[in-house]
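One structure below.
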Amino acid sequence: MRLRVALFFALSVQAVTLCAQAADPTPPEPAGIWTGPLQGAVPATITGGKVVDAAEVETLVAQEQAILIDVAPWPHKPANAADTWTAPPHRSLPGAVWLPDVGNGDIPPALEAWYRARLKALTRNNPAKPTIVFCHPNCWASWNAAKRAIGYGYGRVYWYPDGVEGWQDSGRSTVVIETQKRPG
Numbered sequence: 464m465r466l467r468v469a470l471f472f473a474l475s476v477q478a479v480t481l482c483a484q485a486a487d488p489t490p491p492e493p494a495g496i497w498t499g500p501l502q503g504a505v506p507a508t509i510t511g512g513k514v515v516d517a518a519e520v521e522t523l524v525a526q527e528q529a530i531l532i533d534v535a536p537w538p539h540k541p542a543n544a545a546d547t548w549t550a551p552p553h554r555s556l557p558g559a560v561w562l563p564d565v566g567n568g569d570i571p572p573a574l575e576a577w578y579r580a581r582l583k584a585l586t587r588n589n590p591a592k593p594t595i596v597f598c599h600p601n602c603w604a605s606w607n608a609a610k611r612a613i614g615y616g617y618g619r620v621y622w623y624p625d626g627v628e629g630w631q632d633s634g635r636s637t638v639v640i641e642t643q644k645r646p647g
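Residue 517 in our numbering sits at position 54 of the sequence shown, with consecutive numbering throughout.
Dropping the structure here:
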């Protein structure tokens, strides 16, 4: 009888643990750059960097002139669009620099070199300059781009996972920005 009770208890604990894990949509950090689909649940942490909210972004920009880097992907022309199709205006945080596609899982060497060069120029070659990376909620692009910056030796990388929509939802305004000229 004791064995049955112990077995029942052990199986109950395991079932509760599995249900709790299934209910938690926050995935763990991958060992390296995420190469799966860009849209989906993202980790709650970023090793080597710090996760920030809208108020912290605002403070970092105001007090430390943090660099804001928007890494939202470049919009692709729809298959049924006219030849004269133009990308829609890109809204972002005031003062942000848009470096599209540097948060993709795999990026070509030329794009990676461009990202490194832009980071170096934007921080004035100061790896301790606070740098905030963002795009949209539930998008791995900002996590990947922040992870790359950490890997390049930048010591004060902040990841703002709520992105542009989180900024707007917090009652803050956005502006239309243009992309930085990039390779390809």
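Ideal placement from N, C-alpha and C gives every residue a C-beta, glycine not left out.
Strictly under 8 Å for the Cβ-Cβ distance: is Gly499 near chain B by that measure? The question asks about chain B, but that chain is absent: this structure has only one protein chain.
For the pair the stretch 601-610 and the stretch 633-641, tell me if three or more CB-CB distances fall below 8 Å. no
Trp630 versus His539: straight-line alpha-carbon distance, rounded: Numbered from its first residue, the sequence shown carries residue 630 at position 167. Numbered from its first residue, the sequence shown carries residue 539 at position 76. Approximately 24 Å, taken between the alpha carbons.
What does Thr522 pair with, by DSSP beta-bridge criteria? Position 59 of the sequence shown, counting from 1, holds the residue named residue 522. Answer by DSSP bridge pairing: none, since Thr522 is not bridged.
Indicate whether Val627 and Arg554 have their beta-carbon atoms separated by less than 8 Å. Sequence index remark: in the sequence shown, residue 627 carries index 164 (1-based). Sequence index remark: in the sequence shown, residue 554 carries index 91 (1-based). In contact: Val627 and Arg554 (Cβ atoms closer than 8 Å).
Per DSSP, what kind of secondary structure is Gln631 in: helix, strand or coil? Sequence index remark: in the sequence shown, residue 631 carries index 168 (1-based). Three-state DSSP puts Gln631 in a helix.
Taking only three categories from DSSP, how would you classify Leu531? Here residue 531 is taken as the residue at index 68 of the sequence shown, counted from 1. Three-state DSSP puts Leu531 in a strand.
Using the rule of at least 16 other Cβ atoms within 10 Å of the residue's Cβ for burial, across every protein chain shown, is Ala559 buried or exposed? Here residue 559 refers to the residue found at position 96 when the sequence shown is read from its first residue. With 16 or more Cβ atoms within 10 Å of its Cβ, Ala559 is classed as buried.
Buried or exposed: where does Pro624 fall if 16 or more other Cβ atoms within 10 Å of its Cβ makes it buried? On the sequence shown, residue 624 is found 161 positions in, with the first residue counted as 1. Classification of Pro624: buried, given that the 10 Å Cβ count is 16 or more.
Can you tell me whether Thr594 is buried or exposed, with buried defined as 16 or more other CB within 10 angstroms of its CB? Sequence index remark: in the sequence shown, residue 594 carries index 131 (1-based). When all chains shown are included, Thr594 counts as buried.
Close beta carbons around Pro491, own chain, < 8 Å, minus the five adjacent residues each side: Position 28 of the sequence shown, counted from the start, is the residue given in the question as residue 491. Taken in chain order, the residues that qualify are Pro506.
With a threshold of 7 Å (Cβ to nearest heavy atom), would Gly629 be considered close to the ligand MN? Because no ligand of any kind appears in the structure shown, any question about the ligand MN cannot be addressed here.
Would you check if the distance between the CB atom of Val520 and the CB atom of Cys598 is smaller than 8 Å? Sequence index remark: in the sequence shown, residue 520 carries index 57 (1-based). Sequence index remark: in the sequence shown, residue 598 carries index 135 (1-based). No, they are not a contact pair.
Counting along the chain, where does the beta strand (DSSP E) carrying Ser636 start and finish? What you label residue 636 is simply residue 173 of the sequence shown in a count that begins at 1. From DSSP, Ser636 is part of no beta strand (DSSP E); its letter is neither H nor E.
Roughly how far, in whole angstroms, is the beta-carbon of Pro646 from the beta-carbon of Leu574, given that I think they are within contact range, below 8 Å? Numbered from its first residue, the sequence shown carries residue 646 at position 183. Numbered from its first residue, the sequence shown carries residue 574 at position 111. About 6 Å separates the two Cβ atoms, so the contact holds.
Helix, strand or coil for Lys513 per DSSP? Along the sequence shown, read from residue 1 onward, the residue named residue 513 stands at position 50. In this structure, Lys513 counts as strand in the three-state DSSP scheme.
In the DSSP assignment, the alpha helix (DSSP H) including Trp622 goes from what residue to what residue? Locating residue 622 in the sequence shown gives position 159, counting from the first residue. Segment 620-623 is the beta strand (DSSP E) holding Trp622; no alpha helix (DSSP H) there.
Among the candidates Pro600, Pro488, Thr510, Val524, whose CA atom is the shortest distance from the CA of Tyr408? This structure leaves residue 408 out entirely; the chain is present only between 464 and 647.
Pick out whichever of Thr642, Glu641, Ala576 has its Cα sitting closest to the Cα of Tyr615. Reading the sequence shown from its first residue, position 152 is the one you call residue 615. Looking at the Cα atoms, Ala576 is the closest of the given residues.
Does DSSP classify Arg645 as helix, strand or coil? Taking the sequence shown and counting its residues from 1, one reaches residue 645 at position 182. Here Arg645 sits in coil by DSSP.
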